[in-house]
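Visitor:
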Amino acid sequence: MCGIVGYTGVQGASPILLEGLKKLEYRGYDSAGIALVNDGTISIAKVTGRIANLCEKTNDGKDYPGTTGIGHTRWATHGAPSDTNAHPHMSNDGRFAIVHNGIIENYMSLHDELTAKGYHFESETDTEVIVHLLEMYYKGDIRKAVIKTSARLQGSYALGVICADDPDKLYVAREASPLILGVGVGENFFASDVTALVSYTRNAIYLEDGEFAEISPEEIKVFDVALQPVNKKISRIVWDIQAAEKGGYEHFMLKEIMEQPRAFKATIAPRIKEGEIVLDETDLSKEYLESVNKIVITACGSAYYAGCAAKYTIEKLCRVPVITELASELRYADPLIDEHTLLIVLSQSGETADTIAAMKECKSRGAKTIAIVNVVGSTIAKLADHALYTWAGPEIAVATTKGYTTQLAVLYLFSLYTAKKIGSISDEEFNRLLTALKALPKKIQETIDTNSKIHQLAIKYYDNKSMFFIGRNTDYAIALEGALKMKEISYIHAESYAAGELKHGTIALIEEHRPVVALCYNEKIMEKTLSNIVEVKARGADVLALTYKGNHQIVSVANDVIYVPKVDTLFSAAVEIIPLQMLAYYVAKLNECDIDKPKNLAKSVTVE
Ligand code: M6R
């Protein structure tokens, strides 16, 4: 996720672009840049780091004159955060500059084609292919060049373009990435979201996928792919700036919960090509994978729990033992690790101190390391032999949601990829599971859409000092994460337990009306978990069960039931966790907790 902004009018564009970028900084903040058209030439300023650095470099924009320009704040996906990889990117002839939010999935083939035609690439980004395509297709008509370029792109993009030949205009295009046009008087704007616009105008045009616009200070013309004009309605922006940053949601956590279908899709889609899983970022050959006799997954907190859930998927599909170890334990455990161990390290931030230490320890013993990380260029990504990024975009809320589900996404890809390579599953089974994996973003969306009653359940259960979360196998791993979500944001004691272990001690704590969240998704062990539900109910517990749609067995034993769509049990964590995140959110809200910044916690734990 990145932020883009554009201005054309009578005022100096640079200060307006910089102000807009400051508002968009929550969308990405590893590097930033602006490009201005002035006197028939384009000048660009880019820096690594925050917008404050860009303000310093440009003397708050004063050193970059011009009344038309574009800006970008980056959340790196392809290529580490650096001045060169920062946007805007310029064409070789200096005629075009562009900013882009999204991911171009076919950039490698376009890169090869353009290189063969003599175009020179400066950066490691997927974006740069766009500006060279524009140069290639430009024959004096910018609209046509933009349309021809867009037709070549696969993936997602919100694109802002300036051209030295047409100094007062901005060109924009959109496909599966947000883009809003701001309508002013004698000046017009575009931005990734309304936060960057509301200080200047509250009149907006929402561009749809496949639409293009030509923006001059006096007017905005919108076209479809056939260059036919499209009549657009001007809407009134009613949000204040704070609400706008959160996409209208009250908290970042809720916004990020809602972003999960998109984040999951962004993580898996570029890695599934022609019915195969492509993990270009690694060199996991058949020979190497066959030499692995043990996979160790290490991480902290939710990232560790994502590993716990995926352990079942990897073992089932690949028939290789998977050991999950908390990083803070592993680092001091004198672990039995050698060159036949594949170490998978999970970290949203890529900066967690214990995870870094555990990784170094295992590397020194000869393990090959794969890092599944959200922040490009982070310490863990750099230390690993290979980094597989979760393309979730910046996660602001301390409680991770989309970070966790996208870690599952990569682990599911890895399981299927490895199983196929080493031949531990048949082609038929691979194809069936790949289809199931591709359907997961929709199933996650369906889970969000059909769980409006979670708020009602939260009203019923929020006033409690203690809760239990139980399940078996994957359901137990999800219970661990569900309980962590509840405790970290609502401060309610929430204990997760393997359902079969209750009778070995914990059941002594079950008393009248103690809430027990029971995860019962796995059909094969359903009867066993049902027996545990009956046991806690007999001791007075109020049972809130979570199961798949159509399982009516549960109604007679639970007080309340949350239904989620039926997916393959190997992937069920990705849907089961959603209502638990929502439950924790609403319980915390009813308890008036500081949801995005829970007490005593930090987003990135860089100390031991
Ligand atoms: O950045 P990391 O994924 O390495 O962080 C690990 C944990 O600190 C993190 O998952 C933490 O448990 C979250 N606050 C949970 O929501």
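Mapped onto the working numbering, the consecutive letters of the sequence shown carry residue numbers 1 to 608.
From the three backbone atoms N, C-alpha and C, an ideal C-beta is built for every residue, glycine too.
Return the CA-CA distance between ALA384 and VAL376, expressed in angstroms with no decimal places.
Guide: To locate residue 384, count along the sequence shown from 1; it is residue 384. To locate residue 376, count along the sequence shown from 1; it is residue 376. Cα to Cα, ALA384 sits roughly 12 Å from VAL376.
Visitor: Within this structure, are the beta carbons of GLU315 and PRO321 separated by less than 8 Å?
Guide: As a first step, residue 315 is located in the sequence shown; it is residue number 315 there, counting from the start. As a first step, residue 321 is located in the sequence shown; it is residue number 321 there, counting from the start. Result yes, Cβ atoms of GLU315 and PRO321 sit closer than 8 Å.
Visitor: Under the three-state reduction of DSSP, which class applies to CYS163: helix, strand or coil?
Guide: As a first step, residue 163 is located in the sequence shown; it is residue number 163 there, counting from the start. Note: CYS163 maps to strand in three-state DSSP.
Visitor: Less than 8 Å separating the beta-carbons of GLY210 and ALA158?
Guide: As a first step, residue 210 must be located in the sequence shown, where it is residue number 210. As a first step, residue 158 must be located in the sequence shown, where it is residue number 158. Against a cut-off of 8 Å, the Cβ pair of ALA158 and GLY210 comes out as no contact.
Visitor: Does ligand 1 have a heavy atom nearer than 7 Å to the CB of ALA494?
Guide: Start at 1 with the first residue of the sequence shown, and residue 494 comes out as number 494. Flag unset: Cβ of ALA494 not near ligand 1.
Visitor: Inspect the beta-carbon positions of VAL567 and ALA392 and report whether they are closer than 8 Å.
Guide: Indexing the sequence shown from 1 puts residue 567 at position 567. Indexing the sequence shown from 1 puts residue 392 at position 392. No, the pair does not count as a contact, with Cβ atoms beyond the cut-off.
Visitor: Give me, in chain order, the residues of the same chain whose beta-carbon lies closer than 6 Å to that of GLY61; leave out the 5 immediate sequence neighbours on both sides.
Guide: On the sequence shown, position 61 is the one that residue 61 refers to. Cβ within range, chain order: SER14, PRO15 and LEU18.
Visitor: So does THR369 have its beta carbon nearer than 7 Å to some heavy atom of ligand 1?
Guide: Residue 369 sits at position 369 when you count from the first residue of the sequence shown. No, the Cβ of THR369 stays beyond 7 Å of every heavy atom of ligand 1.
Visitor: With C-beta atoms as the reference, is ALA32 less than 8 Å away from ALA86?
Guide: Mapped onto the sequence shown, residue 32 falls at position 32. Mapped onto the sequence shown, residue 86 falls at position 86. In this structure, ALA86 lies closer than 8 Å to ALA32 by Cβ.
Visitor: Report all residues from its chain with a CB closer than 6 Å to the CB of TYR138; omit the five preceding and five following residues, and keep chain order.
Guide: Locating residue 138 in the sequence shown gives position 138, where the first residue counts as 1. ALA145.
Visitor: Could you tell me the distance, in whole angstroms, from the CA atom of GLU122 to the CA atom of ALA80?
Guide: Translated into positions along the sequence shown, residue 122 becomes position 122. Translated into positions along the sequence shown, residue 80 becomes position 80. Taking the straight line from one Cα to the other gives about 13 Å.
Visitor: Check whether the Cβ of CYS593 lies closer than 7 Å to any heavy atom of ligand 1, and answer yes or no.
Guide: Translated into positions along the sequence shown, residue 593 becomes position 593. Every heavy atom of ligand 1 is 7 Å or more from the Cβ of CYS593, so no.
Visitor: For HIS111, which three-state DSSP category applies?
Guide: For this step, residue 111 is matched to residue 111 along the sequence shown. Correct three-state label for HIS111: helix.
Visitor: So within the stretch 532 to 564, which uninterrupted beta strand (DSSP E) runs reach at least 3 residues, ignoring any that extend past its ends?
Guide: Counting whole runs of 3 or more residues, the stretch 532 to 564 contains the beta strand (DSSP E) stretches 542 to 548 and 560 to 564.
Visitor: Going along the chain, which residues of its own chain have a beta-carbon closer than 7 Å to the beta-carbon of LEU289, five neighbours each way excluded?
Guide: Mapped onto the sequence shown, residue 289 falls at position 289. Once the five neighbours on either side are set aside, the close Cβ partners of LEU289 are THR418, LYS421 and ILE422.
Visitor: Examine ligand 1 and report whether any of its heavy atoms sits within less than 7 Å of the Cβ of SER347.
Guide: Looking up residue 347 in the sequence shown gives position 347. True, at least one ligand heavy atom lies under 7 Å from that Cβ.
Visitor: Entirely within the stretch 47 to 135 and at least 4 residues each: give me those alpha helix (DSSP H) ranges in chain order.
Guide: 51 to 57 and 107 to 116, all fully within the stretch 47 to 135.
Visitor: Go ahead and label ALA358 buried or exposed: buried means 16 or more other beta carbons lie within 10 angstroms of its beta carbon, across all protein chains shown.
Guide: Within the sequence shown, the letter at position 358 stands for residue 358. Buried, by the Cβ-count rule.
Visitor: Distance, Cα to Cα, LEU519 vs GLY160?
Guide: As a working note, residue 519 is residue 519 in the sequence shown. As a working note, residue 160 is residue 160 in the sequence shown. Spanning the two alpha carbons is a distance of roughly 46 Å.
Visitor: If the criterion is Cβ atoms closer than 8 Å, does the pair ILE277 and LEU114 meet it?
Guide: The residue you call residue 277 lines up with position 277 of the sequence shown. The residue you call residue 114 lines up with position 114 of the sequence shown. The answer is no: Cβ separation not under 8 Å.
Visitor: Enumerate in chain order the residues of its own chain whose CB-to-CB distance from VAL555 is below 7 Å, with the five nearest sequence positions on each side excluded.
Guide: By one-based count along the sequence shown, residue 555 stands at place 555. Hits under 7 Å: VAL561.
Visitor: Go ahead and pull the three-state DSSP assignment for THR390.
Guide: Along the sequence shown, one-based indexing puts residue 390 at 390. Three-state DSSP puts THR390 in coil, outside helix and strand.
Visitor: Which class does MET1 belong to by DSSP, given the choice of helix, strand or coil?
Guide: For this step, residue 1 is matched to residue 1 along the sequence shown. Three-state DSSP puts MET1 in coil, outside helix and strand.
Visitor: Among the candidates GLY540, ASN559 and VAL564, whose CA atom is the shortest distance from the CA of ASN551?
Guide: Within the sequence shown, residue 551 is the residue found at index 551, counting from 1. It is VAL564.
Visitor: Can you name the residues that DSSP bridges to GLY155?
Guide: As a position in the sequence shown, residue 155 is number 155, starting the count at 1. According to DSSP, which records beta bridges pairwise, GLY155 is partnered with ILE104.
Visitor: Should LYS611 and GLU256 be called a contact, given that it needs their Cβ atoms to be closer than 8 Å?
Guide: This structure cannot speak to residue 611, because the chain is shown only from 1 to 608.
Visitor: Would you mind reading off the limits of the beta strand (DSSP E) that contains PHE189?
Guide: Position 189 of the sequence shown holds residue 189. Per DSSP, PHE189 belongs to the beta strand (DSSP E) from 188 to 191.
Visitor: Just to confirm my understanding: we take ILE142, look at its own chain, exclude 5 residues before and 5 after, and list those with CB closer than 7 Å. What are they?
Guide: Mapped onto the sequence shown, residue 142 falls at position 142. These residues qualify, in order along the chain: CYS163, ASP166 and TYR171.
Visitor: Tell me, please, whether the stretch 38 to 46 touches the stretch 94 to 113 by the rule of three or more beta-carbon pairs shorter than 8 Å.
Guide: Yes: the two stretches touch, three or more of their Cβ pairs being nearer than 8 Å.
Visitor: Measuring from the CB of VAL398, is there a heavy atom of ligand 1 at a distance below 7 Å?
Guide: Locating residue 398 in the sequence shown gives position 398, counting from the first residue. Because some heavy atom of ligand 1 lies under 7 Å away, the Cβ of VAL398 counts as near it: yes.
Visitor: Can you tell me which of ALA397, LEU343, ALA584 and GLU481 puts its alpha carbon nearest to the alpha carbon of ALA387?
Guide: Reading the sequence shown from its first residue, position 387 is the one you call residue 387. Ranking ALA397, LEU343, ALA584 and GLU481 by Cα distance to ALA387 puts LEU343 first.
Visitor: Is LEU484 buried or exposed, if buried means 16 or more other CB atoms sit within 10 Å of its CB?
Guide: In the sequence shown, the residue the question calls residue 484 occupies position 484. Buried, since its Cβ has 16 or more Cβ neighbours within 10 Å.
Visitor: Per DSSP, what are the beta-bridge partners of ALA371 in this structure?
Guide: Within the sequence shown, residue 371 is the residue found at index 371, counting from 1. Bridge partners of ALA371: VAL345 and ALA387.
Visitor: Quick check on this structure: which residue in ASN188, SER302 and VAL587 has the alpha carbon closest to the alpha carbon of GLN10?
Guide: On the sequence shown, position 10 is the one that residue 10 refers to. At residue 10 the sequence reads Val, which differs from the Gln that was named. Among ASN188, SER302 and VAL587, the Cα nearest to that of VAL10 is on ASN188.
Visitor: Could you check the C-alpha separation between ALA299 and ILE507 for me, to the nearest Å?
Guide: As a working note, residue 299 is residue 299 in the sequence shown. As a working note, residue 507 is residue 507 in the sequence shown. Cα to Cα, ALA299 sits roughly 29 Å from ILE507.
Visitor: Please report the distance separating the alpha-carbon of VAL605 from that of THR390.
Guide: The count along the sequence shown starts at 1 and reaches residue 605 at position 605. The count along the sequence shown starts at 1 and reaches residue 390 at position 390. Rounded to the nearest angstrom, the two C-alpha atoms are 19 Å apart.
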